[in-house]
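Participant:
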Amino acid sequence: MEVGGQVRDLTIVGSYQDITNGGKTAKSVLPTQGNDVMWYVVGVALAPGTDAAATAQAYGDQLAPAKVHDIEQWRAQTLRPIARQMTVTAAISAVVAVALVGLMTALFTRMILARDAGPIAVQRALGADDGGLRAQYVTRTVLVLALGVVVGAVAAATLGEAMFNLMFEGLYGGMEALGRGTSRIDFAVDPLLTYVLLPAALLGSVSLVTAASARSLSDARISALTTD
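Numbering follows the UniProt record's numbering, with no gaps: position 82 of the sequence shown is 82.
#1: Within 10 angstroms of its Cβ, does Ala-99 collect 16 or more other Cβ (buried), or is it exposed?
#2: To the nearest angstrom, how far is it from the Cα of Lys-27 to the Cα of Leu-203?
#3: Would you call the stretch 197 to 216 and the stretch 118 to 134 in contact, with 3 or more CB pairs under 8 Å?
#4: What's the C-alpha gap between Lys-67 and Ala-52?
#5: Can at least three beta-carbon pairs, one atom from the stretch 183 to 197 and one from the stretch 109 to 127, be found at a separation below 8 Å?
#6: In the structure shown, what three-state DSSP assignment does Val-7 receive?
#7: Would you decide whether Gly-102 is buried or exposed? Buried here means 16 or more other CB atoms lie within 10 Å of its CB.
#8: On the three-state DSSP scale, how would you describe Thr-55?
#9: Below 8 Å CB to CB, which residues in the same chain sit around Arg-110 once its five sequence neighbours on both sides are set aside?
#10: Would Leu-107 and Val-206 be called neighbours here (beta carbons separated by less than 9 Å)?
#11: How long is the line joining the alpha carbons of Ile-92 and Tyr-137, rounded to whole angstroms?
#12: Checking the sheet assignment: what are the DSSP bridge partners for Thr-194?
#13: Quick check on the DSSP output: the alpha helix (DSSP H) that includes Val-138 runs from which residue to which?
#14: How many angstroms separate the CA atom of Val-41 from the CA atom of Ala-94?
#15: Between which two residues does the alpha helix (DSSP H) containing Ser-93 stretch?
#16: Any idea what DSSP makes of Thr-210, helix, strand or coil?
#17: Put Thr-50 into one of helix, strand or coil per three-state DSSP.
#18: Please classify Thr-50 as buried or exposed, where buried requires at least 16 other C-beta atoms within 10 Å of its C-beta.
#19: Taking only the alpha-carbon atoms, compute the straight-line gap between Val-3 and Leu-159 and give it to the nearest angstrom.
#20: What does Glu-2 pair with, by DSSP beta-bridge criteria?
#21: Hey, how far is the Cα of Leu-63 from the Cα of Ile-71?
#22: Which class does Thr-182 belong to by DSSP, given the choice of helix, strand or coil?
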C-alpha cells in the first residue's frame with residue numbers, strides 16, 4: 001500500500017465483519033499527509049437534555065458540505081431491518097423450541113407410562129387416585145426441566161457469548177480465524193424474557209403435555225396386566 005508517497009508492506013493480522021462496508025474490514029494507524037485523507041469522522045457527545053436531531057440539523061446547515069448524522073437515526077436506518085428480521089427469527093425459534101420440548105416430553109412420558117404399566121395397575125388396584133399418580137409424573141418431569149433451565153441459563157450467561165463469537169469467527173473466517181481479529185458481538189440480554197417468560201413457557205408446556213399424556217394411566221388395570 002502506498003502511504004504518503006512511500007510503499008509499505010502491510011500484513012493483515014485480524015479482520016472483522018463490517019456491515020457498513022459490506023464485507024470484512026481491517027484497520028491500521030499510519031502517518032499520512034493531509035491531502036491523502038479521504039474523509040474524517042468526528043464524534044460529538046452532547047450534553048444531557050440536548051435535542052440530538054435539532055443539533056445535527058443545525059451543524060449540518062453550518063458545516064455543509066460535511067454530513068452530520070444523529071447516531072440514533074443512523075442506527076435506526078442501518079440496523080432496524082436487521083434487528084426486525086432477527087426479532088422475527090428469534091420469536092419463531094422460541095415457538096419451535098417450546099413445541100419440540102412439548103413433543104419430546106409427550107414421547108418420553110408415553111414411554112415411561114408403558115414401562116410402569118404394571119406398578120401403576122397395582123397402585124390403582126390398591127386404591128391409588130389417578131390424579132395423584134398423574135401428579136407424580138408431572139412433578140418428576142417439571143423438576144428435571146427446572147434443573148435443565150437453571151443449568152442452561154447459567155451456561156448461556158457465562159459461556160454462550162464466547163461460544164457464539166468463536167462460531168461466528170469460524171463461520172466467516174475459517175478455522176484459522178478462531179481467536180484472532182477483533183470480531184465480537186456482545187449480547188443484549190432481556191432478563192425478563194430470558195429468565196422469566198421463556199422458562200415459564202417451557203414449564204407450562206411441559207406440565208400441560210405431561211398431564212395430558214398421563215391421562216392414559218387410567219387404562220392400566222390388573223385384569224389387563226394378568227391377561228398380558
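From the three backbone atoms N, C-alpha and C, an ideal C-beta is built for every residue, glycine too. Being a predicted model, the structure only gives us computed values, none of them experimental.
Facilitator: Let's see:
#1: Within the sequence shown, the letter at position 99 stands for residue 99. Counting the other Cβ atoms within 10 Å of the Cβ of Ala-99 gives fewer than 16, which makes it exposed.
#2: Taking the first residue of the sequence shown as 1, we reach residue 27 at position 27. Taking the first residue of the sequence shown as 1, we reach residue 203 at position 203. Roughly 48 Å between the two C-alpha positions.
#3: yes
#4: Taking the first residue of the sequence shown as position 1, residue 67 is located at position 67. Taking the first residue of the sequence shown as position 1, residue 52 is located at position 52. Near 14 Å, if we compare the C-alpha coordinates of Ala-52 and Lys-67.
#5: no
#6: Residue mapping note: residue 7 aligns to position 7 of the sequence shown, counting from 1. Note: Val-7 maps to strand in three-state DSSP.
#7: Here residue 102 refers to the residue found at position 102 when the sequence shown is read from its first residue. In the assembly as shown, Gly-102 is a buried residue. Its beta-carbon has 16 or more other beta-carbons within 10 Å.
#8: The residue given as residue 55 occupies position 55 in the sequence shown. In this structure, Thr-55 counts as helix in the three-state DSSP scheme.
#9: Stepping through the sequence shown from its first residue, residue 110 is reached at position 110. Ser-213 and Ser-216.
#10: Stepping through the sequence shown from its first residue, residue 107 is reached at position 107. Stepping through the sequence shown from its first residue, residue 206 is reached at position 206. Remark: C-beta atoms of Leu-107 and Val-206 do not approach each other more closely than 9 Å.
#11: Counting from 1 along the sequence shown, the entry for residue 92 is found at position 92. Counting from 1 along the sequence shown, the entry for residue 137 is found at position 137. C-alpha separation (whole angstroms): 29 Å.
#12: Against the sequence shown, residue 194 aligns to sequence position 194. None; Thr-194 has no bridge partner.
#13: In the sequence shown, the residue the question calls residue 138 occupies position 138. Per DSSP, Val-138 belongs to the alpha helix (DSSP H) from 130 to 155.
#14: Taking the first residue of the sequence shown as position 1, residue 41 is located at position 41. Taking the first residue of the sequence shown as position 1, residue 94 is located at position 94. Each residue's Cα considered, the two are about 40 Å apart.
#15: As a position in the sequence shown, residue 93 is number 93, starting the count at 1. Element bounds for Ser-93: 71 to 115.
#16: Within the sequence shown, the letter at position 210 stands for residue 210. In the three-state scheme derived from DSSP, where H, G and I count as helix and E and B as strand, Thr-210 is classed as helix.
#17: In the sequence shown, the residue the question calls residue 50 occupies position 50. Coil, per DSSP.
#18: Counting from 1 along the sequence shown, the entry for residue 50 is found at position 50. Counting Cβ neighbours within 10 Å, Thr-50 comes out exposed, since fewer than 16 surround it.
#19: Looking up residue 3 in the sequence shown gives position 3. Looking up residue 159 in the sequence shown gives position 159. So the alpha carbons of these two residues sit roughly 42 Å apart.
#20: Within the sequence shown, residue 2 is the residue found at index 2, counting from 1. Note: Glu-2 sits in a beta bridge opposite Val-7.
#21: Translated into positions along the sequence shown, residue 63 becomes position 63. Translated into positions along the sequence shown, residue 71 becomes position 71. So the two alpha carbons sit approximately 17 Å from each other.
#22: Walking along the sequence shown from the start, residue 182 turns up at place 182. Confidence at Thr-182 is low in this model, with a pLDDT of 48, below 50, so the placement of that residue should be treated as unreliable; the coordinate-derived value is given next. It is coil, neither helix nor strand.
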